[in-house]
Amino acid sequence: MRDEVLILAIETSCDETSAAIVKNGRKVLSNIISSQIDTHRKFGGVVPEVASRKHLENINIVIDEALSEPGISLKDIDAVAVTYGPGLVGALLIGLSTAKAIAYSSKLPFIGVNHIEGHISANYIEHKELEPPFVCLVASGGHSHIVNVVGYNIYKVIGRTRDDAAGEAFDKIARALGLGYPGGPLIDKLAVSGNREAIDFPRAFLEEGSYDFSFSGLKSAVLNYLNSRKMKNEEISPADIAASFQEAVADVLSIKLIKAALDKKSKYAVLAGGVASNSRLRELLRQRGEQAGIEVLYPSPLLCTDNAAMIGCAAYYRYICGIRSDFTLNAMPNLSLE
Ligand code: KG4
Ligand code: ZN
180 MRDEVLILAI
190 ETSCDETSAA
200 IVKNGRKVLS
210 NIISSQIDTH
220 RKFGGVVPEV
230 ASRKHLENIN
240 IVIDEALSEP
250 GISLKDIDAV
260 AVTYGPGLVG
270 ALLIGLSTAK
280 AIAYSSKLPF
290 IGVNHIEGHI
300 SANYIEHKEL
310 EPPFVCLVAS
320 GGHSHIVNVV
330 GYNIYKVIGR
340 TRDDAAGEAF
350 DKIARALGLG
360 YPGGPLIDKL
370 AVSGNREAID
380 FPRAFLEEGS
390 YDFSFSGLKS
400 AVLNYLNSRK
410 MKNEEISPAD
420 IAASFQEAVA
430 DVLSIKLIKA
440 ALDKKSKYAV
450 LAGGVASNSR
460 LRELLRQRGE
470 QAGIEVLYPS
480 PLLCTDNAAM
490 IGCAAYYRYI
500 CGIRSDFTLN
510 AMPNLSLE
């Protein structure tokens with residue numbers, strides 16, 4: 180194996196078409212992200228067929244840019260990596276077939292990566308000192324998992340949502356408030372001018388000792404609050420609702436992550452996924468981490484959202500262990516991490 184391993188990584192699991200060149204797992208030479216948010220915004224969410232079509236339109240342009248930005252050609256590349264699940268099947272297939280075509284025609288090793296593993300690995304790019312074992316909360320539009328990262332490529336999911344993902348709850352409440360899509364960043368922004376103690380929305384901690392989540396009760400409570408005020412013709416404060424809702428989510432996520440880190444004797448409590456950008460969640464975690472003597476880590480906002488650099492990082496730790504995928508690898512919309 181060469182001293183320098185360059186991986187071309189591709190990510191198309193949802194509504195971002197992304198390609199990256201990653202050196203030795205943690206150095207990002209390029210990370211091109213073409214977001215479809217403006218296209219999906221008018222529908223209030225991601226339309227799967229539209230997402231696939233947009234990926235198809237953009238994928239070659241994005242890959243060309245990822246290679247040309249650092250001045251790299253395919254003959255310098257050591258392996259091609261791609262997300263093969265979980266995600267939207269039609270969207271995944273665009274990245275997967277493109278990656279297979281490049282790897283096959285250039286006679287390069289081909290490595291399939293789990294999208295959630297990618298989100299966790301974004302932290303290795305940001306925090307060069309971070310190494311397993313540690314406990315990580317992956318909170319995105321599709322998942323809310325507490326993962327015990329036992330080693331590179333070895334994961335144990337110790338908590339998961341029983342209904343909505345955290346990001347999904349943010350998106351639904353934002354829609355009910357008429358804020359638009361995607362809801363997380365909009366609620367985060369609006370909450371700054373609201374009172375987080377204005378409304379005491381419920382927190383679901385579930386059974387004693389459980390690391391699982393449930394956001395459907397909270398979601399119903401916010402919707403009921405809105406409906407009952409509307410029926411009584413009473414004024415509402417969207418900023419107070421946003422701040423109180425966000426507080427309920429951030430409260431539960433941060434308490435459970437710190438507890439998991441303590442229980443598993445992890446030095447770190449690590450955050451990943453789109454919701455890891457949330458300012459109140461970061462703040463509460465920092466406070467609670469400090470009280471518990473646990474170091475809290477998260478990636479910068481660009482690496483929290485879907486991107487190919489995180490896939491290239493995860494692929495590197497497969498590559499150096501000799502793990503390869505074959506060309507029969509299929510898209511797996513419900514791929515599990517374990
Ligand atoms: O990881 P991601 O980019 O895509 C998925 O894999 O799902 O996460 C997107 C999710 C969306 O639900 C979005 O509303 C949420 O992350 N999100 C946030 C924030 N920024 C993005 N949620 C709360 N606060 C934020 N600042
Ligand atoms: Zn994601």
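Per my numbering, the sequence shown starts with residue 180, numbered consecutively.
For glycine and all other residues, C-beta sits at the position ideal for the given N, C-alpha and C.
From a predicted model like this one, the values you see are computed outputs, not experimental measurements.
Residues that DSSP places opposite residue i in a beta bridge
| i | result |
| --- | --- |
| CYS315 | VAL326, VAL449 |
| GLU533 | With the chain running from 180 to 517 in the structure shown, residue 533 is simply not present. |
| SER214 | GLU195 |
| LEU185 | LYS202 |
Own chain partners of residue i with C-beta closer than 6 Å, once the 5 adjacent residues on each side are dropped
| i | result |
| --- | --- |
| ALA418 | LEU369, SER372, GLY373 |
| LEU235 | ILE273 |
| ALA198 | ILE189, ILE211, VAL241, ILE242, ALA245, ALA487 |
| LEU275 | VAL261, TYR263, ALA510 |
| GLY297 | MET489, ILE490, ALA493 |
| ASP257 | VAL184, LEU185 |
| LEU508 | TYR263, GLY291 |
Cβ neighbours of residue i in the same chain (closer than 7 Å, five flanking residues each side left out)
| i | result |
| --- | --- |
| GLU305 | PRO478, SER479, LEU482 |
| ASP485 | GLU190, SER192, CYS193, GLU195, SER197 |
| GLU474 | LYS446, TYR447, GLY468 |
| GLY266 | SER192, CYS193, HIS294, PRO512 |
Contacts around residue i, its chain only, beta-carbon distance under 8 Å, and the 5 residues preceding and following it disregarded
| i | result |
| --- | --- |
| LYS398 | ASP343, ALA348, LYS351, ILE352 |
| GLY252 | Per the sequence presented here, residue 252 reads as Ser, with Gly not at that position. Closer than 8 Å at the Cβ level, and outside the excluded window around SER252, lie LEU246. |
| GLU376 | SER423, GLU426 |
| SER285 | LEU253, LYS254, ILE256, VAL259 |
| LYS438 | TYR390 |
First and last residue of the uninterrupted beta strand (DSSP E) at residue i
| i | result |
| --- | --- |
| LYS202 | 195-202 |
| THR262 | 258-264 |
| GLU228 | Where GLU228 is concerned, there is no enclosing beta strand (DSSP E), although the alpha helix (DSSP H) it sits in stretches over 227-247. |
| GLU474 | 474-476 |
Simplified DSSP assignment, three categories, for residue i
| i | result |
| --- | --- |
| SER209 | strand |
| ARG408 | helix |
| PHE394 | coil |
| GLY291 | strand |
| ALA493 | helix |
| SER389 | coil |
| VAL401 | helix |
| ASP342 | coil |
| ASP255 | helix |
| ILE366 | helix |
| ALA487 | coil |
| ARG220 | helix |
For residue i, the first and last residue of its enclosing alpha helix (DSSP H)
| i | result |
| --- | --- |
| TYR303 | 294-305 |
| ILE273 | 268-284 |
| TYR334 | Looking at the DSSP string, TYR334 is not in any alpha helix (DSSP H); the run it does join, the beta strand (DSSP E), is 333-339. |
| GLN470 | 458-471 |
| MET511 | Note, MET511: premise wrong, no alpha helix (DSSP H); not H, not E. |
| PRO480 | 480-483 |
| SER433 | 417-442 |
| PHE349 | 345-355 |
| PRO361 | Note, PRO361: premise wrong, no alpha helix (DSSP H); not H, not E. |
Measuring CB atoms only, is the stretch 482-501 touching the stretch 253-273, in the sense that at least three cross pairs come out at less than 8 Å? Yes, the stretch 482-501 is in contact with the stretch 253-273.
Three or more C-beta pairs closer than 8 Å, one from the stretch 460-468 and one from the stretch 332-339: is that the case here? Taking 8 Å as the limit for Cβ pairs, the verdict is that the stretch 332-339 does not touch the stretch 460-468.
Would the stretch 434-443 and the stretch 300-315 be scored as touching if the rule is three or more Cβ pairs under 8 Å? Segments in contact, yes.
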